[in-house]
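Notes follow once the structure below has been shown.
Numbering (the numbering used here), first residue to last: 9 to 415.
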């Protein structure tokens with residue numbers, strides 16, 4: 009575990025560089041002397057192991073300003089290999105430094121019809137703008153947000169204090185959101201946190217307690233028992249009163265009582281696959297415990313989703329009435345995430361989440377195609393209006409007059 013270093017207080021103009029491929033025998037004075045041949049250096053901190061106090065082969069270098077930091081980068085990065093090192097020195101801006109030095113702000117709640125000149129006129133009142141970018145979709149329509157970069161930190165701070173939550177642009181009913189733009193590290197951390205939160209939520213969902221997610225189950229959710237589905241069981245009316253009471257009490261656990269005359273599934277018993285459920289309209293599949301599906305099992309199980317193996321195929325449309333158009337998909341969802349959310353209603357042939365070609369950001373709508381109209385209708389009945397990732401999904405049939413057109 010690396011020792012956290014308490015750097016001395018420096019001015020906002022100071023720049024921190026990360027240096028890798030440093031021989032472990034080198035000392036901080038030696039490194040300062042080496043860097044000072046090409047740039048001004050205020051401080052060097054070797055990163056050490058907390059337990060052994062030995063160098064971990066890297067350090068932080070503090071330069072008084074960006075100009076001196078650039079000199080150090082130009083002189084050493086990938087250009088000098090020190091004695092005892094296997095590769096050239098790696099000299100880069102430390103995480104978050106570039107974003108901090110750019111004085112970059114995020115602007116939200118902009119009117120959709122706002123122009124660059126209007127945003128520039130407003131924000132130029134607080135300082136010199138080095139860059140302005142309004143985020144736009146594929147049709148060049150504004151997404152209602154933008155980024156600006158100021159020449160100095162003081163100018164950016166003044167814009168935040170003067171506009172955030174205080175100013176409404178013409179055509180808008182809500183005040184602007186003006187804040188520091190996230191660093192790349194912060195964006196990745198937030199994305200990972202959202203994904204973990206969603207995964208945790210879905211993992212803790214009990215289908216028997218949340219039928220709105222899995223559809224109305226006339227006979228409840230049939231969980232697997234010892235890895236096998238509730239299949240080929242005797243009709244409930246053939247059980248003794250003691251056996252019937254045991255089933256009602258939950259033994260085997262979570263088993264629902266089948267209607268009289270139900271003799272189980274026509275599918276073969278396959279461990280750790282999707283397990284069929286009895287519905288008034290026929291048998292519908294539902295995913296069993298998450299685990300890799302053997303190819304030979306998937307090939308013999310007609311209800312198995314094409315996405316169970318973890319890969320989403322190229323887009324393939326189903327028959328008329330079996331293709332869904334879905335709005336309000338969570339921002340972090342990709343093709344495979346969308347397929348997994350909808351695979352419990354039938355065989356998913358393909359799924360697609362549309363993204364902006366310029367930014368790579370999800371447009372939050374897409375398509376799912378099933379192999380039958382019944383599966384699509386079942387998905388609509390359950391998922392339309394269901395809240396997923398903080399959004400309420402809108403699920404409807406894709407119009408068949410576009411059936412043969414490419415997306």
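Glycine included, C-beta positions come from ideal geometry on N, C-alpha and C.
Other residues of its chain near residue i: CB distance less than 6 Å, five sequence neighbours each side excluded
i           : result
residue 383 : 353, 354
residue 176 : 183
residue 31  : 90, 92, 93
residue 107 : 191
residue 330 : 378, 380, 381, 384
residue 394 : 401
residue 318 : At residue 318 the pLDDT is 43, less than 50, meaning the model places this residue with poor confidence; the figure from the coordinates comes in the next sentence. For residue 318, where only same-chain residues beyond five positions count, there are no Cβ hits under 6 Å.
beta-carbon residue i near the ligand GTP non-hydrogen atom, thresh 6 Å
i           : result
residue 133 : The ligand GTP is not part of this structure, which contains no ligands at all.
Minimum C-alpha distance to residue i - residue among the options
i           : options            : result
residue 72  : 55, 49, 374        : 49
residue 68  : 82, 92, 385, 43    : 43
residue 97  : 388, 201, 26, 403  : 26
residue 112 : 342, 140, 41, 40   : 140
residue 370 : 358, 349, 377, 336 : 336
residue 203 : 378, 345, 60, 374  : 345
residue 149 : 87, 86, 123, 56    : 123
residue 205 : 396, 114, 170      : 396
residue 156 : 173, 171, 145, 189 : 189
residue 63  : 144, 342, 86, 39   : 39
residue 341 : 388, 361, 145, 83  : 361
residue 127 : 160, 163, 334, 178 : 178
residue 339 : 347, 373, 167, 387 : 373
residue 163 : 392, 132, 387      : 132
residue 359 : 365, 334, 388, 193 : 334
residue 33  : 368, 55, 47        : 55
residue 66  : 343, 35, 403, 196  : 35
residue 4   : 199, 398, 77, 180  : The question about residue 4 has no answer here: the residues shown for the chain are numbered 9 through 415.
DSSP-derived helix/strand/coil call for residue i
i           : result
residue 53  : strand
residue 394 : coil
residue 333 : strand
residue 341 : coil
residue 351 : helix
residue 122 : coil
residue 404 : strand
residue 399 : strand
residue 127 : helix
residue 359 : strand
residue 187 : strand
residue 94  : coil
residue 199 : helix
residue 178 : coil
residue 105 : helix
residue 328 : coil
residue 133 : helix
residue 385 : helix
residue 207 : helix
residue 193 : helix
Neighbourhood of residue i by C-beta, 7 Å cutoff - its chain only, sequence neighbours within 5 removed
i           : result
residue 24  : 68, 70, 102, 105
residue 171 : 184, 186
residue 254 : Residue confidence is low: residue 254 scores 48 on pLDDT, short of 50, so the model does not pin down where it sits. No coordinate-derived value is stated.
residue 161 : 20, 111
residue 74  : 23, 109
residue 367 : 143
residue 193 : 103, 104
residue 403 : 332, 334, 387, 388, 391, 392
residue 14  : Low per-residue confidence applies at residue 14: pLDDT is 44, beneath 50, and the placement is therefore not dependable, though the value from the model is reported in the following sentence. So the list is empty, once near-sequence residues are dropped.
Extent of the continuous beta strand (DSSP E) run through residue i
i           : result
residue 64  : 63–71
residue 373 : 370–378
residue 150 : 150–158
residue 99  : 98–101
residue 26  : 23–28
residue 48  : Unbroken run through residue 48: none, as it is neither H nor E.
residue 114 : 112–116
residue 141 : 137–144
Distance between beta carbons of residue j and residue i, contact taken as under 8 Å
i           : j           : result
residue 184 : residue 135 : That pair is no contact at about 16 Å.
residue 80  : residue 99  : 6 Å
residue 158 : residue 138 : 7 Å
residue 153 : residue 130 : Wrong, their Cβ atoms sit about 14 Å apart, outside the cutoff.
residue 332 : residue 406 : 6 Å
residue 29  : residue 95  : 5 Å
residue 4   : residue 350 : In the structure as shown, the chain begins at 9 and stops at 415. Residue 4 is therefore absent and cannot be evaluated.
residue 83  : residue 47  : 7 Å
Extent of the continuous alpha helix (DSSP H) run through residue i
i           : result
residue 170 : 161–171
residue 81  : 74–84
residue 39  : 36–43
Residues of its chain near residue i, where Cβ-Cβ distance is below 8 Å and the 5 sequence neighbours each way are ignored
i           : result
residue 145 : 151, 364, 371
residue 168 : 113, 186, 187, 188
CB contact check: residue i to chain D, cutoff 7 Å
i          : result
residue 40 : Structure shown: chain D not included; a single protein chain is present.
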